[in-house]
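Numbering (my numbering), first residue to last: 4 to 131.
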């Protein structure tokens, strides 16, 4: 079984998120999604509209997602890959090069972002 992992906040879920999850899942048999906890978001100075448990609930309902785990810190990626026996690490290409150090453990793939949509754009558009 080929296992894939990706990371994110996944707040204000949109078709760009779904497209990323669909493409990530197509790379293997099992997709694990690590989502930032509320505490980790605070450390990153990032505010999510939905809390962790609600974002987890939403992601678990998506047919491409097999497992959702919490992301508590930047350093856990290496241990997650080992603990979950991951074959492929996937991120959007806005992170290109940032996780190349993981190639010692698994394949690293950066997927093109979906044009015309982002959580930042939604938040900006809603500030009327």
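All C-beta atoms in this analysis are idealised placements derived from N, C-alpha and C, irrespective of residue type, glycine included.
Just so we're clear, the structure is a prediction, and the values are computed from it rather than from any experiment.
What residue does the alpha helix (DSSP H) around residue 27 start on, and which one ends it?
-> Within the chain shown, numbered from 1, the residue matching residue 27 stands at position 24. Segment 18-28, the alpha helix (DSSP H) holding residue 27.
Are residue 36 and residue 68 close, meaning C-beta to C-beta below 7 Å?
-> One-based indexing of the chain shown puts residue 36 at position 33. One-based indexing of the chain shown puts residue 68 at position 65. Yes, the pair counts as a contact, with Cβ atoms nearer than the cut-off.
Have a look at 18, 80, 110 and 128 and flag the residue whose alpha-carbon is nearest the alpha-carbon of residue 38.
-> In the chain shown, residue 38 corresponds to position 35, counting from 1. Ranking 18, 80, 110 and 128 by Cα distance to residue 38 puts 80 first.
In the DSSP assignment, what are the bridge partners of residue 62?
-> Here residue 62 refers to the residue found at position 59 of the chain shown. Beta-bridge pairing links residue 62 to no other residue.
Could you spell out where the beta strand (DSSP E) holding residue 92 opens and where it closes?
-> What you label residue 92 is simply residue 89 of the chain shown in a count that begins at 1. Unbroken beta strand (DSSP E) run through residue 92: 91-95.
Looking at C-beta atoms only, is the number of pairs between the region 20-28 and the region 42-52 that lie closer than 8 Å three or more?
-> As far as the Cβ criterion goes, the region 20-28 does not touch the region 42-52, which means the pair count is below three.
Return helix, strand or coil for residue 8, following the three-state DSSP convention.
-> Numbered from 1 along the chain shown, position 5 holds the residue referred to as residue 8. Correct three-state label for residue 8: strand.
For residue 18, collect the residues of the same chain with a Cβ closer than 8 Å to its Cβ; drop the 5 residues on either side in sequence, then sort them by chain order.
-> Along the chain shown, one-based indexing puts residue 18 at 15. For residue 18, where only same-chain residues beyond five positions count, the Cβ hits under 8 Å are 117 and 120.
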